[in-house]
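Right, dumping it as structure tokens:
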């Protein structure tokens with residue numbers, strides 16, 4: 064594959080010291096040993112406390128109030144039973160069942176690592192360790208404290224463990240309480256408190272269900288709540304924070320850091336302009352980006368925000384006219400596209416800082432997905448030329464795209480994904496919207512690539528791709544590369560569940576790029592029969608797609624007006640991008 068020769072190198076400067084990574088746990092960045100020792104020691108104390116309380120409940124305090132009336136509570140709940148409450152309590156009790164807790168923990172931890180736009184190792188470890196330590200302490204308690212279950216009709220089979228403590232309640236507290244902590248700390252927008260409150264309610268419902276079903280005394284479920292809560296507190300203290308209460312940072316901490324960076328970093332010639340999408344970049348992120356710029360010698364960088372009326376193109380054009388030597392774009396694919404449209408052909412380098420939902424271009428260019436890390440990697444790397452696509456159509460003025468454009472299912476999916484869902488859940492919100500869009504009818508399309516014959520196809524969606532990978536590392540258009548002088552076309556037309564499975568198999572196997580564009584896909588005579596494959600791939604320098612009816616369309620993740628025509632062509636090497644030095 065031909066690769067454009069590097070542009071001018073960006074001068075590297077000596078780092079003034081270790082760069083802070085906001086949001087990372089010191090336990091994960093400075094060594095597991097001390098944190099593990101502290102967590103282990105406190106867990107021993109937790110087990111000793113819980114066993115001591117159990118021995119007190121079953122010993123000297125057994126006849127004291129309120130323990131003396133616990134049997135009456137269980138008997139009263141037994142008299143309240145009816146069919147509907149039995150079903151509801153069974154459902155609530157199963158939320159704390161061992162199998163439910165294990166499966167949910169594994170799936171959530173895997174999702175935290177593999178699915179979200181940013182891998183969240185710290186959160187996954189926090190949840191897994193909290194649930195595991197709660198279970199370990201529970202086993203110590205049940206082997207040390209022998210307490211019979213309530214003398215009422217029990218609705219569930221009695222497990223071989225003692226009544227104290229409630230394992231269901233403790234496991235539910237550790238799992239759903241841990242999820243509530245993550246929701247309250249990570250979800251943005253109005254759903255944050257509602258989701259956190261609902262998750263915190265689940266352990267209480269499990270506790271009431273275990274009482275109602277005659278499986279535990281009230282003190283047993285209180286012990287379960289305490290056991291799960293202590294596990295969360297101990298693990299969260301050491302993995303979600305630095306394990307101690309630090310002194311408050313001085314109000315001018317960022318000014319101190321910026322001044323130190325300015326004094327120690329060699330100045331890079333030229334003027335740097337940072338284009339910021341304010342909807343996905345907060346003040347803390349801007350401060351961290353400014354610090355990275357100062358550390359790499361880009362002093363007094365100018366920060367300019369986008370607006371609803373101008374998502375980045377106008378700001379970038381103004382920066383170029385003012386003589387900017389580097390443009391940094393902080394936002395999603397739409398913001399990057401708008402800036403790239405103005406930067407194409409100017410030779411002014413672009414540094415991509417992924418802050419949006421998809422960040423497809425950043426993923427395919429090998430940039431880290433943490434904004435500060437991505438900027439540091441770009442500023443330490445070299446300038447390279449990549450291709451850019453130019454696209455237009457009916458009711459669609461000519462513009463450029465850096466990642467993908469298309470029509471059909473993907474555009475409908477983007478239209479059906481609300482901003483609130485994207486803000487709260489990230490790119491998995493697209494998956495939910497995609498499921499609701501599967502019933503969209505097929506479209507008929509006539510395709511003309513370069514000087515080839517017209518191809519007639521039906522399709523669920525068509526993609527014009529400058530890059531190949533999407534979220535999760537899936538190679539949707541495996542052969543697409545951003546610097547090969549070509550744009551790739553993918554035509555997806557699966558029929559029924561079998562067709563979707565075949566499509567999945569093709570994507571998992573991947574495709575190698577043939578040496579000749581004409582060898583890609585199939586070029587039967589005009590009017591020839593459909594080859595019948597669920598996915599076809601082509602490559603082109605210019606393509607014209609005419610649809611039999613108006614179709615939803617999208618460009619770099621942003622829905623545009625529906626229409627019946629798309630004309631696209633490649634502009635080889637038109638965009639200069641700063642890439643990590645290892646991506647040679």
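Residue numbers (the working numbering): 64 to 647. For every residue, glycine included, the Cβ atom is placed at its ideal position computed from N, Cα and C.
Per DSSP, residue 172 lies in no beta strand (DSSP E); the unbroken alpha helix (DSSP H) holding it starts and ends at 161-177. Inter-segment contact for the segment 195-207 and the segment 240-251 is absent: fewer than three beta-carbon pairs are separated by less than 8 Å. Residue pairing by DSSP places residue 534 in no beta bridge whatsoever. Between the segment 604-614 and the segment 503-510, the count of Cβ pairs shorter than 8 Å is three or higher; the stretches touch.
Annotation: the segment 445-478 contains the following complete segments of the beta strand (DSSP E) (minimum length 3 residues), in chain order: 445-456, 459-464 and 467-471. Partner residues in the beta bridge of residue 603, as assigned by DSSP, are 550. Each residue's CA atom was taken as its position, placing residue 414 and residue 428 some 11 Å apart. DSSP places residue 527 inside the beta strand (DSSP E), whose first and last residues are 524-528. Two segments are said to touch when three or more pairs of C-beta atoms, one from each, lie closer than 8 Å; by this definition the segment 211-227 does not touch the segment 253-272.
The three-state reading of DSSP puts residue 625 in strand, counting E and B together. Taking the C-beta atoms as reference points, residue 286 is found nearer than 9 Å to residue 227.
It is roughly 7 Å from the alpha-carbon of residue 403 to the alpha-carbon of residue 638. When DSSP states are grouped into helix, strand and coil, residue 411 belongs to the coil group.
In the three-state DSSP reduction, residue 342 falls in the coil class, being neither helix nor strand. Residue 606 is a Cβ neighbour of residue 632, given a cutoff of 9 Å. Residue 223 carries a coil assignment under DSSP once its states are collapsed to helix, strand and coil. With distances taken between CA atoms, residue 339 lies nearest to 376 out of 358, 376, 360 and 333. According to the DSSP assignment, residue 368 belongs to the beta strand (DSSP E) that extends over 365-368. Here residue 260 is not near residue 159, since their CB atoms are 9 Å or more apart.
Here residue 394 carries a strand assignment [DSSP, helix/strand/coil]. Apart from sequence neighbours up to five positions away, the residues of its chain that approach residue 224 with a beta-carbon distance below 7 Å are 205 and 230, ordered along the chain. Beta-bridge pairing by DSSP links residue 610 to 508. Excluding residues up to 5 positions away in sequence, 555, 557, 597 and 598 lie with their Cβ nearer than 7 Å to the Cβ of residue 566 in the same chain. For residue 256, the enclosing alpha helix (DSSP H) begins and ends at 254-275. Restricting attention to 467, 365, 372 and 568, the CA atom closest to the CA of residue 543 is found in 467.
In this structure, DSSP gives residue 416 an extended state, which the three-state scheme calls strand.
In this model, residue 450 and residue 237 are separated by some 50 Å (Cα to Cα). Secondary structure at residue 540: coil, using DSSP grouped into helix, strand and coil. 295 is the residue among 470, 295 and 105 whose C-alpha sits nearest the C-alpha of residue 187. DSSP, reduced to helix, strand and coil, places residue 301 within a helical segment of the structure shown. A direct Cα-to-Cα measurement between residue 363 and residue 357 gives close to 8 Å. Going by DSSP, residue 385 is part of no alpha helix (DSSP H) at all; its letter is neither H nor E.
Contact between the segment 133-148 and the segment 270-290 is established, with three or more Cβ pairs separated by less than 8 Å. The bridge partners DSSP lists for residue 640 are 413 and 447.
Contact annotation: residue 208 and residue 292 have beta-carbon atoms that are not nearer than 9 Å.
Just so you know, the alpha carbons of residue 550 and residue 529 end up roughly 5 Å apart.
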